[in-house]
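Below: one structure, written as structure tokens.
Numbering (the working numbering), first residue to last: 3 to 62.
Now the structure itself:
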């Protein structure tokens with residue numbers, strides 16, 4: 003099992019909020035890019051559900 007910390011996206015209420023503690027990328031810039039957020043979230047959920055990863059910032 004791999005422990006993953008800091009994964010997640012800010013809420014959609016503020017599209018200008020940075021998505022990382024580094025850089026200036028925002029949710030708007032992610033949505034306007036090739037990045038498939040839904041596909042990524044589904045993949046992370048499958049990994050978590052299978053026990054392959056543990057998201058340390060997720061409430062239990």
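Backbone N, C-alpha and C fix where the C-beta goes; we use that ideal spot for every residue, glycine too.
Whether residue i touches residue j by CB criterion (8 Å)
i: residue 57; j: residue 6; result: yes
i: residue 3; j: residue 55; result: yes
Extent of the continuous beta strand (DSSP E) to which residue i belongs
i: residue 55; result: 55-57
beta-carbon residue i near the ligand COA non-hydrogen atom, thresh 7 Å
i: residue 58; result: No copy of the ligand COA occurs in the structure displayed, which carries no ligand at all.
Euclidean distance between Cα positions of residue i and residue j
i: residue 49; j: residue 37; result: 19 Å
i: residue 41; j: residue 52; result: 17 Å
i: residue 8; j: residue 34; result: 22 Å
i: residue 59; j: residue 43; result: 14 Å
N- and C-terminal bounds of the alpha helix (DSSP H) containing residue i
i: residue 41; result: 39-52
Which residues DSSP lists as bridging residue i, in chain order
i: residue 20; result: 28
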